[in-house]
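Asks: Here it is: the structure, laid out below.
Number of protein chains: 2
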Amino acid sequence: MSLTFTIHKTENTARRATLALPHGNVETPVFMPVGTAGSVKAVPQHLLEEIGAAGRGAQIILANTYHLYLRPGHQTIRALGGLHTFMSWHRPLLTDSGGFQVFSLNELRKVTPEGVEFRSHLDGSKHFLSPELSMDIQIALGADIIMAFDECTEYPATLARARESMQLTHLWARRSLDHFRAHAQEVPWHAERYGATQSLFGIVQGGMYPDLRRQSAETLVAMDFAGYAIGGLAVGEPREKTREMVELTVGLLPKDKPRYVMGVGYPEEIVEYAALGVDMMDCVLPTRAARHGLLFTSEGRINIKNRVYAEDAGPIDPACACLVCRRYSRAYLRHLFAAQEPLAAVLNTLHNLARYLDIMQSVREAIESGTLSALLADVRRVEGEAAARKA
Amino acid sequence: MSLTFTIHKTENTARRATLALPHGNVETPVFMPVGTAGSVKAVPQHLLEEIGAAGRGAQIILANTYHLYLRPGHQTIRALGGLHTFMSWHRPLLTDSGGFQVFSLNELRKVTPEGVEFRSHLDGSKHFLSPELSMDIQIALGADIIMAFDECTEYPATLARARESMQLTHLWARRSLDHFRAHAQEVPWHAERYGATQSLFGIVQGGMYPDLRRQSAETLVAMDFAGYAIGGLAVGEPREKTREMVELTVGLLPKDKPRYVMGVGYPEEIVEYAALGVDMMDCVLPTRAARHGLLFTSEGRINIKNRVYAEDAGPIDPACACLVCRRYSRAYLRHLFAAQEPLAAVLNTLHNLARYLDIMQSVREAIESGTLSALLADVRRVEGEAAARKA
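Line by line, the protein sequences give chains V and U.
In terms of this note's numbering, the first sequence has 76 at position 76, counting the first letter as 1, and numbering is strictly consecutive.
Each position in the second sequence, counted from 1, maps to that position plus 391 in this note's numbering.
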């Protein structure tokens, strides 16, 4: 068994399902916190296992192939038993392909059909990443779900450029799949998990062009991946465009396989996309925003740096039951941030992640009880009110 | 009740006692982690309550008057119910007088018999700290134990300079005590704790001169403080000199009151001083060293940055039962440090503090069973072997 996906209930396009993976079950729709270099920044693993609704913790987290390849190196992690063992996270893991990070390097990279030559952001050393190497790295890391090597098309892009980029992604998807199938049994936990292997997801590209998205979905679905990601979104386009592309692409993907939108989003967005039928999402937003003092609450966002919180004895969010809201005041959190205390990042991150996990728990419960439309309306109302307060 | 000190057992000069304070009991000898700005750097309070022997956590922590006076301000903390409530730490707290921090400013201060004029290290703003203001600030913060305002004599100092400095400390001790006695009932939790007040400790100075130390101890003991600190140590003198001054001064202090050596020390030192009859110690060493990758183990110190740990699957210290040693490898901790992950500071600090708390638990158990000399010999042996390995 490498992956099974069981849908329990649907409400319109939304699905409530269980994704069974070698390291455990994931109840979907799910939000996956990002642990770039093998650590969800500032949060000890045992707290990550406890945060959020009913203290159940994060179900699955994401790590970045690019970062771990450069440091400490995938061979080191393989030698230590794979990423689960290395970082002492024994629940499911997902790694991206490294493509998006290399794409983000801009000046430091050169793309050819063979792969991407790039320079390390750490020391300027030269590297070459191909679909085959991306698979080798991801197999050595041993996440439960791994991603095909793709090119994330920039925004804006002409139709010709988006098509060319998409075709490269398809070529690399094929090579990723072939290489993965030939080496899947090399994953560090293959024997220990009774012959289980990782699951490889394909990534739909096509920029903001519906025809290309359609073509990309068809091509990848024909290759028969274990799941499908919708890539190339949240790269600078208006949010309405993101939503349009998600809605369109979701409709082109097989109903019986998990669908993953990469790199989204704000709380109201993740509810929207779940309603459209997306099963998995990840984003650095809750963790990165936390380190900058931006906190998500049931009534919108607050910036804890704000002077109005200096003597505020209340919690970040009176409706939140997270360990931070149960124990600390806005005044204390503001002080920690102002004094640049390392605890600020720890507590802010714990709260924001708990908020995201709670939102997804609400989404799952709403689908079960057939009330997702009501939840979505409520989320939109809060968002609208918050925008009105700002204006 | 503000403080009771009950000695249960002694072994030579060492004492095993309970210090009962308004916010709870402290089993001594005790090591107090330092939470400079109202946070033991990088550690959430609920973990601070759990670390160390038998998961009992830190019994008492220290905060700095100077830092909290400048930011967020003692009036803000008073308005929020005092430091216990502000930082959500409901066990005992101790604040220093601010004297040592102001002393550390060097160029930015001017000492007169009235007090110290200094400039903030944050924004250069001018301030004046007197014994009376130090008491007002510490009463507003509301720690269970507060310290008289003193001048920490620099090292080296001539006899004349050390005497003059000591006399200033005595003058300030008198003024601290008078002001504290006149305002003790203004502590934020006075009513809530059924009329309890804080306890004020005097600080013995006198540099490295035995005659001055004797004179200082006599003068302060005559003022009848609730406890006595030995200040002006660990300011650059050789360790043998520190030990000599501690031994001499402890012998001059009343047996029935707690004795506190400020700002020490390495693991082997805190065991030495406990054996000499010291009841309380504090130091930034375990927390600060942790943030620089220096970890304390039962077999000496290790620097986690070292390349030899890159593929080391073992824990920091196989003999340690802390949550870090139970879960993470040296290889992972080295990676976190090298990648400058914020989790490095969190985990390293948790381990070092657990180590210090465990050491003090061993000291307490050794005094109870009359085996402190054996423990001390063992600690010295490890220290000697570690030094030999280095040489």
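For each residue, glycine too, the CB sits at the ideal point set by N, CA and C.
Taking the alpha carbon of Ala53 (chain V) as the reference point, which residue from V:Ile7, V:Ser373, V:Ala386, V:Glu365 has its own alpha carbon closest?
Replies: Of V:Ile7, V:Ser373, V:Ala386, V:Glu365, the residue nearest in Cα terms is V:Glu365.
Asks: My guess is that Gly593 (chain U) and Ala564 (chain U) are in contact by the Cβ rule of under 8 Å, so how many angstroms apart are they, rounded?
Replies: Between Ala564 (chain U) and Gly593 (chain U) the Cβ distance is about 5 Å, and since that is below 8 Å, they are a contact.
Asks: Count Cβ pairs between the region 681–698 of chain U and the region 754–774 of chain U that sit closer than 8 Å; are there 3 or more?
Replies: The region 681–698 of chain U, when compared against the region 754–774 of chain U, does touch it at the 8 Å Cβ threshold.
Asks: Using a Cβ cut-off of 9 Å, pull out every chain V residue sitting near Lys432 (chain U), in sequence order please.
Replies: Simply Glu341, Pro342, Leu343.
Asks: Is the CB of Val346 (chain V) under 7 Å away from at least one CB in chain U?
Replies: Yes - at least one Cβ of chain U is within 7 Å of the one on Val346 (chain V).
Asks: Taking CB distances under 7 Å as the criterion, tell me whether Thr467 (chain U) reaches chain V.
Replies: Interface residue, yes.
Asks: Mind listing which residues of the region 458–488 of chain U have their C-beta closer than 7 Å to chain V's C-betas, in chain order?
Replies: The region 458–488 of chain U vs chain V, Cβ under 7 Å: Arg462, Pro463, Thr467, Ala470, Leu471, Phe477, Met478, Ser479.
Asks: Please classify His292 (chain V): does DSSP put it in a helix, a strand, or coil?
Replies: His292 (chain V): coil per DSSP, three-state reduction.
Asks: Specify, as a first and last residue, the run of the beta strand (DSSP E) that Glu127 (chain V) falls within.
Replies: Before going further, note that residue 127 (chain V) is His rather than Glu in the sequence given. Unbroken beta strand (DSSP E) run through His127 (chain V): 126–129.
Asks: For the region 122–140 of chain V, enumerate the residues whose C-beta is nearer than 7 Å to any C-beta of chain U, in chain order.
Replies: Listed by position along the chain: nothing, the set is empty.
Asks: Going by other Cβ atoms of all chains shown within 10 Å of its Cβ, with 16 needed for buried, is Ser430 (chain U) buried or exposed?
Replies: Buried, by the Cβ-count rule.
Asks: Candidates V:Arg16, V:Asp279, V:Leu248: which alpha carbon is nearest Gln215 (chain V)'s?
Replies: Answer by Cα proximity: V:Leu248.
Asks: Residues of the region 704–718 of chain U with a CB closer than 7 Å to any CB of chain V: list them in chain order, please.
Replies: Here the close residues are Ala704, Leu714, Arg718.
Asks: Would you check if the region 662–671 of chain U and the region 632–647 of chain U touch, i.e. whether three or more CB-CB distances between them fall below 8 Å?
Replies: They touch, by the three-pair rule.
Asks: To the nearest angstrom, report how far apart Gly622 (chain U) and Cys283 (chain V) are at their CA atoms.
Replies: Straight-line Cα distance between these residues: approximately 51 Å.
Asks: With H, G and I counted as helix, E and B as strand and the rest as coil, what does DSSP make of Met653 (chain U)?
Replies: It is coil, neither helix nor strand.
Asks: Ile536 (chain U) and Leu412 (chain U) look like a contact to me (Cβ under 8 Å); what is the Cβ gap, rounded to whole Å?
Replies: Right, the Cβ-Cβ distance comes to about 7 Å (below 8 Å), so this counts as a contact.
Asks: What does Tyr260 (chain V) reach in chain U if we use C-beta pairs closer than 7 Å?
Replies: Neighbours of Tyr260 (chain V) on chain U: none; closest Cβ ~25 Å, over 7 Å.
Asks: Give a yes or no on contact between the region 305–314 of chain V and the region 328–343 of chain V, applying the rule of three or more CB pairs nearer than 8 Å.
Replies: In short, these stretches touch, since the Cβ pair count reaches three.
Asks: When you compare only the Cα positions, how much space is there between Glu268 (chain V) and Tyr356 (chain V)?
Replies: If I take the Cα positions, the gap works out to 10 Å.
Asks: Mind listing the chain V neighbours of Glu702 (chain U)? Cutoff is C-beta to C-beta under 8 Å, in chain order.
Replies: Within 8 Å Cβ-Cβ: Thr76, Ala79, Leu80.
Asks: Measuring alpha carbon to alpha carbon, tell me which of U:Thr762, U:Lys781, U:Leu767, U:Cys713 ends up nearest His46 (chain V).
Replies: The residue with the shortest Cα to Cα distance from His46 (chain V) is U:Cys713.
Asks: What residues from chain U crowd round Ser329 (chain V), counting only those whose CB sits closer than 9 Å?
Replies: Going along chain U in sequence order, the residues near Ser329 (chain V) (Cβ under 9 Å) are Leu471, Thr476, Phe477, Ser479.
Asks: Does the separation of the CB atoms of Phe149 (chain V) and Ser97 (chain V) fall below 7 Å?
Replies: Going by C-beta atoms, Phe149 (chain V) is nearer than 7 Å to Ser97 (chain V).
Asks: So which residues on chain U does Gly38 (chain V) lean against when the C-beta distance must stay under 7 Å?
Replies: Near Gly38 (chain V) (Cβ distances below 7 Å), the residues of chain U are His726.
Asks: Expressed to the nearest angstrom, what Euclidean distance is found between the alpha-carbon atoms of Pro286 (chain V) and Thr349 (chain V)?
Replies: Near 7 Å, if we compare the C-alpha coordinates of Thr349 (chain V) and Pro286 (chain V).
Asks: If the cut is a Cβ gap below 8 Å, which residues of chain U does His46 (chain V) touch?
Replies: Simply Leu714, Arg718.
Asks: Please go through the same chain and pick out, in chain order, the residues whose beta-carbon is closer than 8 Å to the beta-carbon of Thr242 (chain V), but skip the five residues on each side of it.
Replies: Leu233, Ala234, Val264, Gly265, Glu269.
Asks: Buried or exposed: Asn455 (chain U), going by 16 or more other Cβ atoms within 10 Å of its Cβ?
Replies: Burial call: buried.
Asks: Beta-carbon of Tyr228 (chain V) versus every beta-carbon of chain U: anything under 7 Å?
Replies: No - not a single Cβ of chain U is within 7 Å of the one on Tyr228 (chain V).
Asks: Looking at Ile77 (chain V): is its Cβ nearer than 7 Å to the Cβ of Leu141 (chain V)?
Replies: Yes; because the gap between Cβ atoms is below 7 Å, this pair is in contact.
Asks: Please report whether the beta-carbon of Tyr723 (chain U) lies at a distance below 7 Å from any beta-carbon of chain V.
Replies: Yes, because at least one Cβ of chain V sits closer than 7 Å to the Cβ of Tyr723 (chain U).
Asks: Figure out for me which residue from U:Pro629, U:Leu550, U:Arg650 has the closest Cα to the Cα of Leu611 (chain U).
Replies: Minimum Cα distance to Leu611 (chain U) is reached at U:Arg650.
Asks: Could you compute how far the alpha carbon of Leu294 (chain V) sits from the alpha carbon of Gly24 (chain V)?
Replies: The straight-line gap from Cα to Cα measures roughly 32 Å.
Asks: Suppose the cutoff is 6 Å on Cβ atoms and the five residues either side in sequence are ignored; what does the same chain contact list for Ala428 (chain U) look like?
Replies: Counting only Cβ-Cβ distances below 6 Å, and skipping sequence neighbours, we find His458.
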